[in-house]
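Below is one structure, written out as structure tokens; comments come after it.
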Amino acid sequence: MAVALATGACALAVPAAAVPQPELGPIVDSGSAIVDSGSAILDGGNIIDNGARILGSGSAIAGGILGIDTGSANGGIATQQCNASTMSGEEGVTETLHELGRTGPTSFVLSYDTVDVPDQIEVFYQGALIHNTGYVGGSTGVGSVVVSVPPGTASAVLVRVTGPVGTVWTYTVSCPA
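Rendered as structure tokens:
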């Protein structure tokens, strides 16, 4: 193929140079929920109730913060009904999903006993922190607080207890009145 160049009354024919095209490699499934359409945004789902866990369902922390749902695919987080006591004797982070039986707005009583070693109890609703006891233990380790749940569509809260070595604690999420 030739390209004609015209300058005034004179025309010049120049052969066109072939431009090499880059080869496309194979398309690889990265396993990413965003690329694989596992994302609630791409699927049109609710980010909190049906969303993909960006770090995978094997991460209890990421699953708990990003995807509070009441189904069985909740990243290995234990699920309990309200009014059931939760106990642990281990250090580290323990997360439990508590079914309240209703959506927000509502409120419930969180009763706890962190014995002598201070522990922190955090309550999340639809991924947002709604209550934090701070580290409580010893003389301040027994107590209860009314936790207000804002308007929303989820019927469960996630409780995360963080404790050091040698901790023993128990708490109860009471059913809303």
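Numbering (this note's numbering), first residue to last: 505 to 681.
Quick reminder that beta carbons are idealized off the backbone N, C-alpha and C, glycines included.
How about the stretch 612–619 and the stretch 644–651: do they share at least three Cβ pairs that are nearer than 8 angstroms?
yes
Quick check: what's the CA-CA separation for residue 654 versus residue 585?
Along the sequence shown, read from residue 1 onward, the residue named residue 654 stands at position 150. Along the sequence shown, read from residue 1 onward, the residue named residue 585 stands at position 81. Residue 654 and residue 585: Cα-Cα distance of roughly 19 angstroms.
Go ahead and pull the three-state DSSP assignment for residue 674.
Locating residue 674 in the sequence shown gives position 170, where the first residue counts as 1. Strand, per DSSP.
Closest by CA to residue 607, which one among 674, 681 and 656?
Taking the first residue of the sequence shown as 1, we reach residue 607 at position 103. Considering only alpha carbons, the answer is 656.
Burial state of residue 661 (16 or more Cβ within 10 Å):
Against the sequence shown, residue 661 aligns to sequence position 157. With 16 or more other Cβ atoms within 10 Å, it is buried.
Using only the alpha-carbon positions, how far apart do residue 651 and residue 627 sit?
As a first step, residue 651 must be located in the sequence shown, where it is residue number 147. As a first step, residue 627 must be located in the sequence shown, where it is residue number 123. One C-alpha to the other measures close to 8 angstroms.
Are the stretch 592–603 and the stretch 630–640 touching, with three or more C-beta to C-beta distances below 8 angstroms?
no
Given the structure, does residue 637 come close to the ligand ZN, in the sense that its CB is under 7 angstroms from one of the ligand's heavy atoms?
As far as ligands go, the structure on display features none, and thus does not contain the ligand ZN.
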